[in-house]
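So the sequence shown is numbered by numbering that gives the first Met the number 0: it starts at 0 and just counts up by one. Positions of the beta carbon are idealized from the N, C-alpha and C atoms, including for glycine. Here the structure is a predicted model, which is why all the values come from computation and not from measurement. Heads up, the thing below is written out as structure tokens.
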Amino acid sequence: MFEKEYDVIVVGGGHAGAEATAAAANMGSSTLLVTMNLQTIGQMSCNPAMGGIAKGQIVREIDALGGYSGIVTDKSAIQFKMLNKSKGPAMWSPRAQNDRMRFAEEWRMALENTPNADFYQEMVNGLLIEGDKVVGVRTSLGLEIRAKSVVLTNGTFLNGLIHIGEKQLGGGRAGEKAATGITEQLVGLGFDSGRMKTGTPPRVDGRSLDYSQMIVQPGDEVPEKFSYLNTPILKTQRDCHMTHTSKLVHDLLREGFERSPMFNGRIKSIGPRYCPSIEDKINRFADKDSHQIFVEPEGWNTVEVYVNGFSTSLPEDVQYKALKSVRGFEKVKFFRPGYAIEYDYFPPTQLKHTLETKLVKNLYFAGQINGTTGYEEAASQGLMAGINAHLKINEKEPFILKRDEAYIGVLVDDLITKGTEEPYRMFTSRAEYRTLLRQDNADLRLTPKGYEIGLAKEERLKRMEEKMSKSENFVNFFKKTSFTTEEINPILESLDSALVKQSDKLFKVFSRPKVTMDHMLQLDTVSEFVKENELDSEVLEQAEIQVKYSGYIAKEKTNADKLQRLENVRIPDNFDYSKLKSLSYEAREKLESIQPVTISQASRISGVSPADISVLLVYLGR
């Protein structure tokens, strides 16, 4: 059946697998995506949304590099919001509600229209290993498919176990069976594995809800989008709604706690701390009488609704009884109950920065197999694994993003340097350089890199260069353009801002806290410049940020450059830390296990102190 050897085989068709397939194929590798069900490629297993705090930045970074997640999101969006707009631009985070069925359909069509991408539906239950290198996969029917590299993106399917109250069902997702064989083989090869948990809320019939009892949550009046390409902007949007639990709801849920797998010991693994189940919220925040529930439509033409904030593994009768007591849900009809799922993962300290495993050459892990949670985190890992699988087999330099270059760089570095014992979720607070890593400049940061490795197409590069050129010209215009007090003082007076007594440059006035681009556009010289140069909203936003935050940006760049010096101090491969007697025992143990590539990476390992870094620097002659 498979006579040729593929360059790359991707196992699993979720967000990580889809991006890995697209990246490797678009860079020129013959790529085979093997998944248990071709109808669920790009499936949104949990909430029908992309983006959010820090996650939106990741989607824009994927798009800037030439990935598909942003394009697919824009084509299937039903609502768009820019979160944290009241805060500084480093915190602005795009988020879209999506049509679940259209999202998966758009992913399927995007991949089918990607040259070099083939597909096969079956379970992979083993790897073909020769020496210390992977050479293919084995399926449940006994087929052996050979490849130069393999990317595992198994999601929640490795020995997946679904919990609903006291019932346990083998499965990787509701209605789909678990994947077996791979964990056992990898453990036999010397890999460490663990178990993690995630959960999902009930899905209900929107026709049975009373929206008049809820608070409307509309999208932005002027919606934006994710992709830097010419994808559609929403002309109409679907509203979401918000309601709240109550003391009565909490009491009804508590009645089922003794039957909860979370509290009776059936679930032994750790779930995502920042996305807790409703029973966990009630238990941890016992002083709170209510919690928010977001009522999210699953698409344009379906009545199915996602009950965000009510993730649970309680018995279905308890879920139903409690949800009926939520305002607006009095006559609720269930489509399916919520559930928790336990699955195998592999601590990511066993990986290199390329996401290649240290134990087996040309084998890559991406997504929840690495202990992460979230579509965006998974998709970014899939992209990086697909890129690096292609580069490795073509004997090219690896593609690694640094912490000051991308949230994706922060994510990968956190995983392989610090590891994780709970599902890892990205936050803006994890990035030291978040003023540099904004959602608005992901293309300026990353599109040249994507183009250089052969993933981002020329159209992207030209768009990015035009945006950069126009933004820089506009900033320079503010730096060299003077104004009269007659023009500017009425604006400043209306803002209760100190008036200008003499002519100065517009840059200085624009830098004031209360002065915005809208105020600047009231000046004839500014509005004429915008019209003459055909500046769009992206350029205006970019220029405004560059003017108002220039000091912060420059300071962060300086700090990043200082740290870069340690990034350039490389540690030899297979370095023998045992000969450095001055290292603490914990540092020696952690360094031996993780084998950091640079001094900078070593400094971020938990348990490695500044004194230990000094010992390393002295030994390395620095």
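Sheet register partners of residue i (DSSP bridge)
i	result
residue 120	34
residue 338	199
residue 371	423
residue 240	215, 294
residue 109	BP columns for residue 109 are empty, so no partner.
residue 15	According to DSSP, residue 15 bridges with nothing at all.
residue 94	50, 80
residue 125	137
residue 628	Limits of the chain in this structure are 0 at one end and 621 at the other, which puts residue 628 out of reach.
residue 333	203
residue 9	32, 150
residue 269	195
residue 597	569
residue 343	194
residue 537	The partner list for residue 537 (beta bridge, DSSP) is empty, contrary to what the question assumes.
residue 355	363
residue 247	DSSP, once it has assigned bridges, lists no residue as partnering residue 247.
residue 350	356
Buried or exposed (CB count within 10 angstroms, at least 16 for buried), residue i
i	result
residue 271	buried
residue 12	buried
residue 261	buried
residue 154	buried
residue 461	exposed
residue 283	exposed
residue 310	buried
residue 199	buried
residue 300	exposed
residue 318	buried
residue 232	exposed
residue 218	buried
residue 611	buried
residue 134	buried
residue 158	buried
residue 363	buried
Below-8 Å beta-carbon distance, residue i vs any chain B residue
i	result
residue 506	Checking the listed chains, one finds no chain B in this structure; it contains a single protein chain.
Contacts around residue i, its chain only, beta-carbon distance under 7 Å, and the 5 residues preceding and following it disregarded
i	result
residue 474	542, 545, 546
residue 422	195, 197, 270, 271, 370, 371, 372
residue 409	402, 429, 430
residue 176	169, 170
residue 190	345, 349, 358
residue 328	208, 322
residue 254	317
Close-in-space but distant-in-sequence residues of the same chain around residue i (CB under 6 Å, 5 per side omitted)
i	result
residue 289	243, 244, 245
residue 520	526
residue 18	66, 378, 381, 382
residue 484	499
residue 56	406, 438
residue 419	370
residue 46	305, 307
residue 330	207
residue 551	434
residue 463	442, 446
residue 386	22, 398
residue 161	168, 170, 338, 340
Contacting residues, own chain, Cβ-Cβ under 8 Å from residue i (five flanking each side not counted)
i	result
residue 214	240, 241, 242
residue 58	49, 50, 68, 69, 72, 93, 225, 375, 378
residue 392	6, 7, 28, 147, 148, 361
residue 503	481, 482
residue 577	587, 591
Starting from the N-terminal side, write out each stretch of the beta strand (DSSP E) that is 3 residues or longer and does not extend beyond the region 130-205.
132-138, 143-151, 160-163, 166-169, 193-199, 202-204
Along the chain, which unbroken stretches of the alpha helix (DSSP H) at least 4 residues long are found entirely within the region 438-524?
441-451, 457-479, 484-493, 505-509, 516-519
Counting pairs of beta carbons, one from the region 393-404 and one from the region 72-87, are three or more of them closer than 8 Å?
no
The region 467-486 / the region 539-555 touching (three or more Cβ pairs under 8 Å)
Contact between the region 467-486 and the region 539-555 is present: three or more C-beta pairs spanning the two stretches fall below 8 Å.
At a cut of 8 Å, does the region 201-208 reach the region 129-147 through at least three beta carbon pairs?
no
Taking contact to mean 3 or more Cβ pairs, one atom from each stretch, closer than 8 Å, check whether the region 23-32 and the region 269-283 are in contact.
No, they do not touch.
Please give me, in chain order, every unbroken run of the alpha helix (DSSP H) with length at least 4 that falls completely inside the region 298-322.
The qualifying runs are 315-322.
Taking three-plus beta-carbon pairs below 8 Å as touching, is the region 349-366 in contact with the region 165-176?
no
Quick one: any contact between the region 48-65 and the region 128-141, if contact means 3 or more CB pairs under 8 Å?
The region 48-65 makes no contact with the region 128-141; the number of CB pairs closer than 8 Å stays below 3.
Under 8 Å, with one C-beta from each stretch per pair, do the region 597-609 and the region 562-570 reach the 3-pair mark?
yes
Taking contact to mean at least 3 C-beta pairs separated by less than 8 Å, is the region 90-106 in contact with the region 41-60?
yes
Between the region 105-117 and the region 416-435, do three or more beta carbon pairs fall short of 8 Å?
Counting Cβ pairs under 8 Å, fewer than three are found: no touch.
Kindly provide the ranges of any alpha helix (DSSP H) runs that are 4 or more residues long and lie completely inside the region 372-409, ordered along the chain.
374-392
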